[in-house]
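Visitor: I'd like to ask some things about the structure below.
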Amino acid sequence: MWVTQILYDGGQTDRSHPRWHLLFSLFFLPDEIFAAWTDGVVSWRGLVDRLRVLMIVTAVTLPGWLLGGQLLRVSGIARRMRGIEVAILALAIGLSLQATATLMLGLAGWVSYRAAMPMLGAIQIAIALALGAHRSIGRDQICDVCKQMARPAGEHPLAVGLTLIGIALVAIRCLLPSNEFDVLEYHQGAPKQWFQEGRIGFSEQNIYANMPMAAEMQTLAAMSWAGALGVEDAWWWGGLAGKSTMFLYWILAIGAAGCLARRWVGGQAACWLVAVACSGLAFAEVTVLGLIEPAVACYFAAALLALAALRRQLATQPAAMFWVGFLAGSALACKYPALLFVCLPVGSLAAWQIFRQRSTVPIDLRVLGMFVLGCAITAGPWLAKNAVLAHNPVYPLAAGLLGGNQFSEAKMAQWQAAHAVPTRSLSALADSLFSIAWSWKSQGAILIPLALIGLLRFKRSLAVRITAAIALFVFAVWWLLTHHLERFLLPAIPLAMLLAGFGIRTMFQHLGRPLASICLTMGILCNLVLMAVSPTMGDPRLLVDTSVIRREGIEPTDSIRIPEHVLWANRNLQSSDGVLLLVGDAAIFNYEVPLRYSTCFNVSDLSEIARLPADQWREEFEQRGIRHVLVHWGEIERYRGEGNYGFDPSITRELIRAMVDQGVLKPLDTGLDPQRVEVLAVGP
1076 MWVTQILYDG
1086 GQTDRSHPRW
1096 HLLFSLFFLP
1106 DEIFAAWTDG
1116 VVSWRGLVDR
1126 LRVLMIVTAV
1136 TLPGWLLGGQ
1146 LLRVSGIARR
1156 MRGIEVAILA
1166 LAIGLSLQAT
1176 ATLMLGLAGW
1186 VSYRAAMPML
1196 GAIQIAIALA
1206 LGAHRSIGRD
1216 QICDVCKQMA
1226 RPAGEHPLAV
1236 GLTLIGIALV
1246 AIRCLLPSNE
1256 FDVLEYHQGA
1266 PKQWFQEGRI
1276 GFSEQNIYAN
1286 MPMAAEMQTL
1296 AAMSWAGALG
1306 VEDAWWWGGL
1316 AGKSTMFLYW
1326 ILAIGAAGCL
1336 ARRWVGGQAA
1346 CWLVAVACSG
1356 LAFAEVTVLG
1366 LIEPAVACYF
1376 AAALLALAAL
1386 RRQLATQPAA
1396 MFWVGFLAGS
1406 ALACKYPALL
1416 FVCLPVGSLA
1426 AWQIFRQRST
1436 VPIDLRVLGM
1446 FVLGCAITAG
1456 PWLAKNAVLA
1466 HNPVYPLAAG
1476 LLGGNQFSEA
1486 KMAQWQAAHA
1496 VPTRSLSALA
1506 DSLFSIAWSW
1516 KSQGAILIPL
1526 ALIGLLRFKR
1536 SLAVRITAAI
1546 ALFVFAVWWL
1556 LTHHLERFLL
1566 PAIPLAMLLA
1576 GFGIRTMFQH
1586 LGRPLASICL
1596 TMGILCNLVL
1606 MAVSPTMGDP
1616 RLLVDTSVIR
1626 REGIEPTDSI
1636 RIPEHVLWAN
1646 RNLQSSDGVL
1656 LLVGDAAIFN
1666 YEVPLRYSTC
1676 FNVSDLSEIA
1686 RLPADQWREE
1696 FEQRGIRHVL
1706 VHWGEIERYR
1716 GEGNYGFDPS
1726 ITRELIRAMV
1736 DQGVLKPLDT
1746 GLDPQRVEVL
1756 AVGP
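Residue numbering for the sequence shown follows my numbering, starting at 1076 and increasing by one per position.
Here you go:
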């Protein structure tokens, strides 16, 4: 199965460079890897840039980690788990607490104050110290964690070495700027908008900014910390630091799955499972690009780990059920689908575990209420925010029933059409299964085969049956209720990891340690080589100075990191020139000038102005402070293409020509292709 996946190139858009050709070329031409890493200016400034980002990440995450650990110890949960498990859950809880606190600061309008984040960090540390005043702050636990992490290095040095290589590659790539559209549009774009405005509110420009965004709160907190530390362009460096926190979610998801696998399949299989997971291309890709699936996967895996570690205390210790609900709710605070992907399976499994103990422990509904309370504390603030600001707690979902700001019938129909479930048929189901298992360009080749081996070999195991049942449920929800983007399944990748752990155990049982280690090493190395230079994972210039990558419009592979029209705007427009209105382009993060924009689902300022009489157009532009208009016809045509999201039909080339004829807009000579991007000045 693995060899077939390597040779098969049906999932690649560029058939002239099949996967196997790229793979073997890189194996036999390692100098090409180093050339890609150093394709630009490499100096000590690059190290300084990366240390600056790491400093901001540490400032954002360390106080919450300390507080999360003390909360677990005070609640009596920590002594039920191994030290490394406590460390993983503590950081996951700390990130969730940090996100909720940042949301509150943003709603209060304090997020842009320099003292806000340092004060929040100091409060978190003070609470942690107060909670730990009557007990050890954690020196013994830290030593325990170090011993537990060092033990596999002596027992399974090859697996640990491969794991460290995978971790290093993902960590270095996470420190590079992203060129992913969704990241630039709202994962980084929305926090940038909030930071510059000084508060979190209802966004009339970006519909996605009104969804739960707990993972993006790390980015907003990082921007605030960068400002507090006096970093120039705090929004940009903070945005990069916030993107880099996806690495923490990634490693926590893998670590939690590894700890859970150790309980089920033993240390050897768990150690190799972590190595396999750290080389997984699909999970690594969304992480280094800055997408938020790793955050949901982290909380899913952490909730399952807490559920397994505390299963005997769920019915008798309310704190155990609370923390399980807290972690599950943290996933919902990141993304709406987590309600079905995470909260429902975890809640059902917790209730089933309590029901199993009814013969020895009476069923207490108040314990189940603690699960709901945990979910409410983390996800509730986001639902409440939308209920107040958007008049719909799950905005923009269920708009037909609950309504919502800026959601006309036309926009509602556009949203529903864009997110409609594709045609259901057996052939479509087969295509989806084939895509996930083999043809997906980012599939890591060995994870799915190992999971299938584990499922078939241990099909009578209760743990395998439960894991497989949850995986089947998640796949059914994904296929029946979503628009079949493969990465939307990645939050459930811890389930595949757990099944793969049983597959690895099977390999060692039937092949012996030497042969099983060789087979796994071959698969992991292939993944690591592709991870080192794969263009699908963003800019491969791992060693080039970050400041240079930020400013250049270099084409590293098949895409330009900063489009030419963005470079033109940054080089030719100043903040004093007024607001630049973007029409069609919503990837706002790299713009360095004041903006007005709209996603394809929001109402554009240009559309609103066009509804007025022609003699009022110029005055309306001036009242809104708009001095330039950038129309991205290429993006507009893409949106209007078959099967895409659609775009406001009132915005046409004829409208722009009419405004030019009226003397309201004046085309500028930018050197850009006017058939794709047109820049116009407001006024005579």
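We treat Cβ as the ideally placed atom computed from N, Cα and C, and that holds for glycine.
(1) Taking only three categories from DSSP, how would you classify residue 1186?
(2) Mind checking residue 1486: buried by the 16 CB within 10 Å criterion, or exposed?
(3) Just the Cα atoms here: how many angstroms apart are residue 1563 and residue 1475?
(4) Quick one, which of 1188, 1393 and 1579 has its alpha-carbon nearest residue 1525's?
(5) When you compare each of 1285, 1290 and 1317 to residue 1300 by their alpha carbons, which one comes out closest?
(6) Looking at residue 1565: is its Cβ nearer than 7 Å to the Cβ of residue 1368?
(7) Hey, out of 1386, 1152 and 1496, whose CA is closest to residue 1394's CA?
(8) For residue 1761, count the other beta carbons within 10 Å of its own beta carbon; 16 or more makes it buried, fewer makes it exposed. Which is it?
(9) CB-CB under 6 Å to residue 1528, same chain, minus the five flanking residues each way: which ones, in chain order?
(10) Just to confirm, is the Cβ distance from residue 1402 to residue 1374 under 7 Å?
(11) Which residues in the same chain have their Cβ closer than 8 Å to the Cβ of residue 1676, if we skip the five residues on either side of it in sequence?
(12) Is the segment 1258-1273 touching the segment 1140-1158 in the sense that three or more CB pairs, one from each, lie closer than 8 Å?
(13) Does the segment 1322-1334 come into contact with the segment 1529-1546, if we say contact requires no fewer than three beta-carbon pairs (one atom in each stretch) closer than 8 Å?
(14) Distance check for residue 1641 and residue 1647, CA to CA, integer angstroms please.
(15) Would you tell me roughly how many angstroms separate the C-alpha atoms of residue 1179 and residue 1592, rounded to the nearest one?
(16) Mind checking residue 1659: buried by the 16 CB within 10 Å criterion, or exposed?
(17) Do residue 1620 and residue 1116 count as a contact pair if the criterion is CB distance below 7 Å?
(18) What's the gap between the Cα of residue 1523 and the Cα of residue 1653?
(19) Using the Cα positions of residue 1212 and residue 1200, report the straight-line distance between them to the nearest angstrom.
(20) Cβ of residue 1538 within 7 Å of Cβ of residue 1339?
(21) In three-state terms, what does DSSP make of residue 1753?
(22) Between the C-alpha atoms of residue 1740 and residue 1729, what's the straight-line distance to the nearest angstrom?
(23) If you draw a straight line from the C-alpha of residue 1124 to the C-alpha of residue 1622, how long is it?
(24) What does the Cβ neighbour count give for residue 1311, buried or exposed, with the cut at 16 atoms within 10 Å?
(25) What is the C-beta distance between residue 1164 and residue 1147, in whole angstroms, given that I count them as a contact (C-beta under 8 Å)?
(26) Please report the Cβ distance between residue 1260 and residue 1663, rounded to the nearest whole angstrom; I am assuming they are in contact, meaning their Cβ atoms lie under 8 Å.
(27) Looking at residue 1703 and residue 1761, is the spacing between their C-beta atoms short of 7 Å?
(28) Alpha carbon to alpha carbon, how far is residue 1722 from residue 1711? Give it in angstroms, no decimals.
Guide: By the coordinates alone:
(1) Counting from 1 along the sequence shown, the entry for residue 1186 is found at position 111. Three-state DSSP puts residue 1186 in coil, outside helix and strand.
(2) Within the sequence shown, numbered from 1, the residue matching residue 1486 stands at position 411. Classification of residue 1486: buried, given that the 10 Å Cβ count is 16 or more.
(3) Numbered from 1 along the sequence shown, position 488 holds the residue referred to as residue 1563. Numbered from 1 along the sequence shown, position 400 holds the residue referred to as residue 1475. Answer to the nearest angstrom: the Cα atoms are 24 Å apart.
(4) Along the sequence shown, read from residue 1 onward, the residue named residue 1525 stands at position 450. Comparing Cα positions, the closest option is 1579.
(5) As a position in the sequence shown, residue 1300 is number 225, starting the count at 1. Residue 1300 has its Cα closest to that of 1317, out of 1285, 1290 and 1317.
(6) Walking along the sequence shown from the start, residue 1565 turns up at place 490. Walking along the sequence shown from the start, residue 1368 turns up at place 293. Cβ distance < 7 Å, so residue 1565 and residue 1368 count as in contact.
(7) Mapped onto the sequence shown, residue 1394 falls at position 319. Answer by Cα proximity: 1152.
(8) Here the chain comprises residues numbered 1076 to 1759, so residue 1761 is not present and cannot be evaluated.
(9) Locating residue 1528 in the sequence shown gives position 453, counting from the first residue. Within the same chain, residue 1528 has close Cβ partners 1578 and 1581.
(10) Taking the first residue of the sequence shown as position 1, residue 1402 is located at position 327. Taking the first residue of the sequence shown as position 1, residue 1374 is located at position 299. The criterion of a C-beta distance shorter than 7 Å is satisfied by residue 1402 and residue 1374.
(11) Counting from one through the sequence shown, the residue named residue 1676 turns up at place 601. Same-chain partners within the cutoff: 1282, 1471, 1486, 1489, 1490, 1493 and 1720.
(12) no
(13) no
(14) Against the sequence shown, residue 1647 aligns to sequence position 572. Against the sequence shown, residue 1641 aligns to sequence position 566. Approximately 10 Å between the Cα atoms of the pair.
(15) What you label residue 1179 is simply residue 104 of the sequence shown in a count that begins at 1. What you label residue 1592 is simply residue 517 of the sequence shown in a count that begins at 1. Using only the alpha carbons, I get a separation of about 49 Å.
(16) By one-based count along the sequence shown, residue 1659 stands at place 584. Buried is the call here.
(17) As a working mapping, residue 1116 is identified with position 41 in the sequence shown. As a working mapping, residue 1620 is identified with position 545 in the sequence shown. Yes, these two residues count as a Cβ contact at 7 Å.
(18) If you number the sequence shown from 1, residue 1523 lands on position 448. If you number the sequence shown from 1, residue 1653 lands on position 578. Going from the Cα of residue 1523 to the Cα of residue 1653 covers about 53 Å.
(19) Residue numbering aside, residue 1212 sits at position 137 when the sequence shown is read from its first letter. Residue numbering aside, residue 1200 sits at position 125 when the sequence shown is read from its first letter. Residue confidence for residue 1212 is low, a pLDDT of 47 falling below 50, so the modelled location carries little weight and cannot support an answer.
(20) Numbered from 1 along the sequence shown, position 463 holds the residue referred to as residue 1538. Numbered from 1 along the sequence shown, position 264 holds the residue referred to as residue 1339. Yes, the Cβ-Cβ distance between residue 1538 and residue 1339 is below 7 Å.
(21) By one-based count along the sequence shown, residue 1753 stands at place 678. Looking at residue 1753 - three-state DSSP - the assignment turns out to be strand.
(22) Along the sequence shown, one-based indexing puts residue 1740 at 665. Along the sequence shown, one-based indexing puts residue 1729 at 654. Between residue 1740 and residue 1729, the C-alpha separation is close to 13 Å.
(23) Against the sequence shown, residue 1124 aligns to sequence position 49. Against the sequence shown, residue 1622 aligns to sequence position 547. Cα to Cα, residue 1124 sits roughly 7 Å from residue 1622.
(24) Mapped onto the sequence shown, residue 1311 falls at position 236. Result: buried.
(25) For the purposes of this step, residue 1164 is taken as the residue at position 89 of the sequence shown. For the purposes of this step, residue 1147 is taken as the residue at position 72 of the sequence shown. At roughly 6 Å, the Cβ-Cβ gap stays under 8 Å, so residue 1164 and residue 1147 are in contact.
(26) The residue you call residue 1260 lines up with position 185 of the sequence shown. The residue you call residue 1663 lines up with position 588 of the sequence shown. Their Cβ separation, rounded to whole angstroms, is 7 Å, which keeps residue 1260 and residue 1663 in contact under 8 Å.
(27) Lying before the first or after the last residue shown, residue 1761 is absent from the chain, which here runs from 1076 to 1759.
(28) Within the sequence shown, the letter at position 636 stands for residue 1711. Within the sequence shown, the letter at position 647 stands for residue 1722. If you take the alpha carbons of residue 1711 and residue 1722, they lie about 7 Å apart.
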